[in-house]
Each structure stands twice: as structure tokens, then as C-alpha cells.
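Taking mature numbering (1 follows the signal peptide of the UniProt record, and there is no 0), I'd label the letters of the sequence shown as residues -15 to -1, 1 to 163.
Every residue, glycine too, gets a C-beta built ideally from N, C-alpha and C.
Notes for the one structure printed next.
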Amino acid sequence: MKFFILAALVAVAAANSYKAAEYAPKYEAKYEEVTYAPQPYSFEYDVQDKESYNDFLHSEKSDYNVVTGSYRVALPDGRTQIVTYKADKDGYNADVKYEGEAKYPEEPAYKPAYKPAASYPAPAYPAPAYPAPTYKAPEYKAPAPAYKAPTYSAPAYKAPTPAYKPAAYKPVPAYPKY
């Protein structure tokens, strides 16, 4: 019997075991960053529309490294804002100037256009007339209690005393004998 158990144990140990599950291979998309040669450009536009009060101008040009430009905007208060800018490797630098002086319209104190008056007629029916009350208002008295208030006496509690006598305990010492 021991031989069969030993043989079964050796067979189990020598048998091929399964491999652990593996992850699927990682998918890596090929990515190439597209680079373009720098392109110089230049543009300009101007809008002047009297009906909508739009009045602005923008111009910009770029060489390979530096972008320069300016824009002008007519502000609602009558001034003109002019921004000249330059963008290069050091960042964006802007110079802002204002032309003209701000003008604000004088507004008169608020006055309502009209005073609404009541336009409805008086009621057509007569106002109701109520007679004075003909009864006497009731008088109320505080009710007297229907029972006698209880009287209390001091408690008559007597503390209990023990009914037994404890036995007196007198130990006798026991000395060793040599």
C-alpha cells in the first residue's frame, strides 16, 4: 500500500503542469509627429460699419521666428484702443494705448412717463349695514377646584436591624514544632 501511495505521489510531481495565463501582447500604435517648415504670412482687415457701430482694424505679419501685429477698436465711450504686440521665443509682449477721451452721456433724473390713476368705477351696490349686537357678552369666573388638595406627612420609615448575631471568631495560632 505504501508503494502505491509513493508511486502516485511521484507521478503527480513528475507530471507537466499548466502555465499561468498570459496577457495579450500590448498594441502600440506607430506615431510620428508631423513637422512643417515655418511659413511666413501677413494679413490685414478693416471693418467700418456705421449702422452697427463696428469700427476695428487688425494687421499681423510673421517671419520664421517672430509674429508682430496691431489692432484698433473703437470703444463705446468714444475712445479708440490701439494694441501693438510682438510674440517671439520670449513670450507675448503687448503695448496698449488709448486715443481720445471718454465721453459719457448725461442722464436726467428718473421721471416716470405718466401717473396711473384708478380707472375703475365705484361699486354699484350699497355698502352693507350691520346692526349692533343685541346680546350681552358672557362673563367668565375662574372655576374652583372640585377636590381637596392632599396633605403630606413626614415619612415613617424605620431602618431594618439585623436579626442574627454573628459568631465571634477568635483564631488560635498554630506554631511549628521543632
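For residue i, the three-state DSSP class (helix, strand or coil)
i	result
V(-4)	helix
A79	strand
A(-9)	helix
K(-14)	helix
Opposing strand residues paired with residue i [DSSP bridges]
i	result
F28	E45
N39	D34
V52	S47 and A72
R57	L42 and I67
E84	T65
Neighbourhood of residue i by C-beta, 7 Å cutoff - its chain only, sequence neighbours within 5 removed
i	result
T146	none
Y77	Y70
Y56	F41, L42, H43 and V68
P25	S47, D48 and Y49
D62	A87, K88 and Y89
Residues of its chain near residue i, where Cβ-Cβ distance is below 6 Å and the 5 sequence neighbours each way are ignored
i	result
D40	Q33 and A59
R64	Y83, G85 and A87
A79	V68 and Y70
Sequence-distant residues of the same chain with beta carbon closer than 8 Å to residue i, five excluded per side
i	result
K15	none
K143	none
For the segment 40 to 52 and the segment 61 to 74, state whether three or more C-beta atom pairs, one from each stretch, are separated by less than 8 Å. Between the segment 40 to 52 and the segment 61 to 74 there are three or more C-beta pairs closer than 8 Å, enough to call the two in contact.
Check whether the segment 115 to 122 touches the segment 95 to 106, counting contact only when three or more Cβ pairs, one atom from each stretch, lie closer than 8 Å. Touching, no, given that fewer than three Cβ pairs across the two stretches are closer than 8 Å.
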